[in-house]
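Worksheet: one structure, shown below.
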Amino acid sequence: MLVVENISKKFYIGGKEKKVLDGVNLEIKKGEIVAITGKSGEGKSTLLNIISGLIKPDSGKVYFNGRRVIFFLDIHPAYLRNRNIGFVFQTFRLLPQESVWYNLLLPAMIKGFVGKRIKERALKLLKDFDLGDFKNMKAGLLSGGQKQRLAIARALINDPSLILADEPVANLDLETAKEIEKILLDVVSSGKAMVIVTHQLEVIKSADKRFELKAGKLESFDGKDLSFN
Amino acid sequence: MGKIFLLIKELFGNVFINFIVFLVILFASFLTSTFVLVLLNVDNYFNRNFVKSIPPDVIKVTPKTYVATLNIFGLTSRKPKGSYIDDDILNKVRKLDGVVEVEPLLVSRIPMQVFVSIFGIKYGSDLICIGVNYDLIAGDIKDRRVKRMWNNWKTGDDIPVVIPEILYHAYNSSIAEPNSLPKVTREMVLGVKLRINFGKSSLKSYADTVSENGVVVGFTDKVANICLVLPIKVMRYYNEKFNAHSEYIHLYVKTKDHNSLLSVSKKLKSMGFVVETDKNISEEILKLKKILGFVGNMLILVIVIMAVTSIGFSSIVAVSSRYEYYKTLRILGASRFFIAFSIVFKFALIGLISGLLSLFIFERGISFIISSLPLKGYFGIFSLGKKYNDLILLGCVFLPMVFSLLGVLRLYDHHKLLVD
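Residue numbers (the numbering used here), protein chains in the order written: chain A, 110 to 338; chain B, 4 to 423.
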């Protein structure tokens, strides 16, 4: 479904060049969970940003469903992101001043038309994620767990085939983190693929493919040594 | 539908900052309008009280002196450019840009004599006559009867004759005094009958000489030649009767304004004529006008820079304050183009509404206040007019658009839009 081919990316920080990704290759198949771990600043988020088309790699190619992603003018990546990719972040990235309902429907509004079918789907998602009672509440007033559940529901509203989760439980307490991990794994069991950046050993172990990002390279990870964390 | 909803949402997103931008544009355009109106009135006051109340001087045009000589073939050479003024040249001068009126002085080109009886003594003399329009001497002789005589003369009527002041003084000081003759006063000369011979002088006489009666009707300082001043009609008639080509000794050229005086003088000089005028007043007035205009434009520039800076600054701040929102939209699949379009659209709309409102308040409010104040002598313009209104409205729409675009440029910087 997603093929990342020889991706490289460097940044200039304080006038110094830093190569964050150096010839990264990755293949994600339908229904597969890919866990990526690594030290802070090793480029895990950058890799997710490139996969989703938010930033352009310096070199290399990204293929989605066999078609190469054209980064020029941000039109193709934006289209893919809206229809095929659901994003879940550590910081939730909700609009705190807006209602739960508005946040949930935002990707559908960007897609174009918010019809009866989408509204029914949104109501179902609210119910599934135990947010039915908070439909009209401002998102900023929700608890951490509720916010992340809303973020996952929002990621699913356009029924994407790939979920990108960037340390989704890092900001949550242990109990809520477990709950969110379970939700994410349930989501994938419905046939969606997921790339999850995490330091949670249990999540890593449950993944189909495990990688560690080290010095810009993606290396196979056995899931035993998490000493860097 | 969803995207239209997002566009509307963008308009009402961060209402407080949008309202600040709205107020800044409103205030800036209001200030600019007020300032432009004040300057228009200063310019108008200056024009009315200085430029137009001190009319430009009249330009006196004289052909260059030319003495015809015989060439080796015994023929007279052709008159050079600028040495004569005939009807063709008169028409050319009339058509010059900036010329309002041309008063020609048509010189007699035939032998002439005049006889006058004064103190019981009969004087006779060859003379030069100059024909002019009544308008030229109207300031010296305000008499309807004379005007009628001057304009309606036909052969057989008494010819109205005007004596140039210079001739009057020249007679008393150079003829009467040296020859021990009694001096004349204006009252003595007025109404004196003359006998004027056309086509005859002490040196030459044509076969069909005509003798006409004339009467002195006044004095003038508009013609500074030793001659008699007659209606131009008379002079043209007798020049043509004796087949003499009409030529003008001077032209008095009136111009539209001080600016035209300078340009017309320049053109007349380039035509080869001797040009006399007092250019100093025109030059000084134009210089003063230029300085005032420069100071005014500088002040407008300062106001406009202040307006542009405040509009620009508030627009950029408004865009920057919503970067997190735009980032979220991007993550969820909005393209940079859509985000940029919604921002620019919002600022264009805010600019349009605030610009229209500011012009409405200005035209209805400030203009009304100024017109109701006792400033009648100073303020003559109470409205900016379409040209300035359009310009200010254009600025209100485009400046926020352009500056919000500068803010939007950050959306195209990958480093600034990195997702954590």
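Ideal Cβ placement from N, Cα and C applies to all residues, glycine included.
Kindly list the residues whose CB is nearer than 6 Å to the CB of A/A286, restricted to its own chain and excluding five residues on each side of it in sequence; keep chain order.
Here residue 286 of chain A refers to the residue found at position 177 when the first sequence is read from its first residue. Excluding positions up to five away in sequence, the list reads V278.
Got a sec: which bits of the stretch 203–222 of chain A sit with their beta carbon under 7 Å from any beta carbon on chain B, in order along the chain?
L204, L215, P216, A217, M218, I219, K220, G221, F222
Taking the alpha helix (DSSP H) that B/R51 belongs to, which residues open and close that run?
Counting from 1 along the second sequence, the entry for residue 51 of chain B is found at position 48. First-last for B/R51: undefined, no H or E at that position.
Please confirm whether A/F196 has its beta-carbon closer than 8 Å to some beta-carbon of chain B.
Reading the first sequence from its first residue, position 87 is the one you call residue 196 of chain A. A/F196 counts as touching chain B.
For B/K6, which residues in chain A fall below 8 Å Cβ to Cβ?
Counted from its first residue, the second sequence places residue 6 of chain B at position 3. Going along chain A in sequence order, the residues near B/K6 (Cβ under 8 Å) are M218, I219, G221.
Can you confirm whether A/L265, when its beta carbon is compared against all beta carbons of chain B, has any partner nearer than 8 Å?
Against the first sequence, residue 265 of chain A aligns to sequence position 156. Not one chain B Cβ lies under 8 Å of A/L265.
Alpha-carbon spacing of A/V209 relative to A/N245, whole angstroms:
Residue numbering aside, residue 209 of chain A sits at position 100 when the first sequence is read from its first letter. Residue numbering aside, residue 245 of chain A sits at position 136 when the first sequence is read from its first letter. In a straight line, the C-alpha of A/V209 is about 6 Å away from that of A/N245.
By alpha-carbon positions, which one of A/D275, A/L215, A/H185, A/K236 ends up nearest to B/F8?
If you number the second sequence from 1, residue 8 of chain B lands on position 5. Nearest of A/D275, A/L215, A/H185, A/K236 to B/F8, Cα basis: A/L215.
Would you say B/I308 reaches chain A, if we count a Cβ-Cβ gap shorter than 8 Å as a contact?
Taking the second sequence and counting its residues from 1, one reaches residue 308 of chain B at position 305. False, the Cβ-Cβ gap to chain A never drops below 8 Å.
Anything in chain A within Cβ reach of B/T37, meaning under 8 Å, just list it in chain order.
By 1-based counting over the second sequence, the position of residue 37 of chain B is 34. By Cβ distance, chain A contributes nothing, its closest Cβ being about 38 Å from B/T37, past 8 Å.
First through last residue of the beta strand (DSSP E) which encompasses B/K110:
The count along the second sequence starts at 1 and reaches residue 110 of chain B at position 107. Residue identity differs from the one stated: residue 110 of chain B is Val in this sequence, not Lys. Membership of B/V110 in the beta strand (DSSP E) is indicated by the continuous run 102–110.
Could you please give me the residues that DSSP links to B/I124 through a beta bridge?
Position 121 of the second sequence, counting from 1, holds the residue named residue 124 of chain B. Here B/I124 is bridged, per DSSP, to B/I121.
The beta strand (DSSP E) spanning B/N94 covers which residue range?
Residue mapping note: residue 94 of chain B aligns to position 91 of the second sequence, counting from 1. Where B/N94 is concerned, there is no enclosing beta strand (DSSP E), although the alpha helix (DSSP H) it sits in stretches over 90–97.
What are the uninterrupted segments assigned as beta strand (DSSP E) that are 3 or more residues long and contained completely in the stretch 210–288 of chain A, given in chain order?
271–275
Coarse secondary structure for B/H253, derived from DSSP in three states:
By 1-based counting over the second sequence, the position of residue 253 of chain B is 250. Strand at B/H253.
Cβ pair B/F25, B/S357 closer than 8 Å:
Residue numbering aside, residue 25 of chain B sits at position 22 when the second sequence is read from its first letter. Residue numbering aside, residue 357 of chain B sits at position 354 when the second sequence is read from its first letter. Their beta carbons are under 8 Å apart, which means B/F25 touches B/S357 by this criterion.
When burial is assigned at 16 or more other CB atoms within 10 Å of the CB, is B/R51 buried or exposed?
Here residue 51 of chain B is taken as the residue at index 48 of the second sequence, counted from 1. By the 10 Å Cβ count, B/R51 comes out exposed.
Which term fits A/L213, buried or exposed, when burial requires 16 or more other beta carbons within 10 angstroms of its beta carbon?
Position 104 of the first sequence holds residue 213 of chain A. By the neighbour-count rule (16 or more Cβ atoms within 10 Å), A/L213 is buried.
What are the residues of the stretch 325–352 of chain B that lie near chain A, defined by any Cβ-Cβ distance shorter than 9 Å?
E327, Y328, K330, T331, L332, R333, I334, L335, G336, A337, S338, R339, F340, F341
Cutoff 8 Å; reference B/K186; Cβ partners in own chain excluding five residues on either side:
Counting from one through the second sequence, the residue named residue 186 of chain B turns up at place 183. Here the set comprises N175, A179, E180.
Using a Cβ-Cβ cut-off of less than 9 Å, list which residues of the stretch 172–183 of chain A approach chain B; keep chain order.
L182, D183
Taking 8 Å as the CB-CB limit, is A/N280 close to chain D?
The structure shown contains no chain D; its protein chains are A and B.
Considering only the beta carbon of each residue, do A/K301 and A/P269 sit closer than 8 Å?
By one-based count along the first sequence, residue 301 of chain A stands at place 192. By one-based count along the first sequence, residue 269 of chain A stands at place 160. Taking 8 Å as the Cβ cut-off, A/K301 and A/P269 qualify as a contacting pair.
Integer-rounded CB distance, given that B/V226 should sit under 8 Å from B/V218
Taking the first residue of the second sequence as 1, we reach residue 218 of chain B at position 215. Taking the first residue of the second sequence as 1, we reach residue 226 of chain B at position 223. In fact, because the Cβ distance is near 18 Å, the residues do not count as touching under 8 Å.
Consult DSSP for B/P167 and reduce its assignment to one of helix, strand or coil.
As a first step, residue 167 of chain B is located in the second sequence; it is residue number 164 there, counting from the start. It is a strand residue.
Below 8 Å, can you find three or more Cβ-Cβ pairs linking the stretch 195–205 of chain A to the stretch 243–260 of chain A?
yes
Just the C-alpha distance for A/K115 and A/L130, rounded to the nearest angstrom, thanks.
The sequence position of residue 115 of chain A within the first sequence is 6, counting from 1. The sequence position of residue 130 of chain A within the first sequence is 21, counting from 1. Note that residue 115 of chain A is Asn in the sequence shown here, rather than Lys. So the two alpha carbons sit approximately 9 Å from each other.
Which one of B/L412, B/P114, B/I346, B/P66 has the shortest CA to CA distance from B/I199?
Taking the second sequence and counting its residues from 1, the one referred to as residue 199 of chain B is at position 196. For B/I199, the nearest C-alpha among the options comes from B/P114.
Using C-beta distances below 7 Å, list every residue in its chain close to A/N191, excluding the 5 sequence neighbours before and after it, in chain order.
Stepping through the first sequence from its first residue, residue 191 of chain A is reached at position 82. So the qualifying residues of the chain are P216, I219, K220, N267.
C-alpha gap between A/D167 and B/F340, whole angstroms:
As a first step, residue 167 of chain A is located in the first sequence; it is residue number 58 there, counting from the start. As a first step, residue 340 of chain B is located in the second sequence; it is residue number 337 there, counting from the start. Note on geometry: alpha-carbon atoms of A/D167 and B/F340 lie some 22 Å from one another.
Relative to the alpha-carbon of B/V192, which residue among B/A141, B/R112, B/Y171 has its alpha-carbon at the smallest distance?
Start at 1 with the first residue of the second sequence, and residue 192 of chain B comes out as number 189. Here the closest residue by C-alpha is B/Y171.
A/G132, DSSP secondary structure in three states:
Locating residue 132 of chain A in the first sequence gives position 23, where the first residue counts as 1. Of the three classes helix, strand and coil, the one that applies to A/G132 here is strand, per DSSP.
Under the three-state reduction of DSSP, which class applies to A/A187: helix, strand or coil?
Residue 187 of chain A sits at position 78 when you count from the first residue of the first sequence. The answer is helix: DSSP assigns A/A187 an H, G or I state.
Counting along the chain, where does the alpha helix (DSSP H) carrying B/R189 start and finish?
Locating residue 189 of chain B in the second sequence gives position 186, counting from the first residue. 189–192 is the span of the alpha helix (DSSP H), which, as asked, contains B/R189.
Look at B/V102 and B/V256 and say whether their C-beta atoms are less than 8 Å apart.
Here the question's residue 102 of chain B lines up with position 99 in the second sequence. Here the question's residue 256 of chain B lines up with position 253 in the second sequence. Cβ atoms of B/V102 and B/V256: closer than 8 Å.
Determine the contact status of B/T280 and B/L291, defining contact as a CB-CB distance below 8 Å.
By 1-based counting over the second sequence, the position of residue 280 of chain B is 277. By 1-based counting over the second sequence, the position of residue 291 of chain B is 288. It is not a contact, given that the beta carbons lie outside the stated cut-off.
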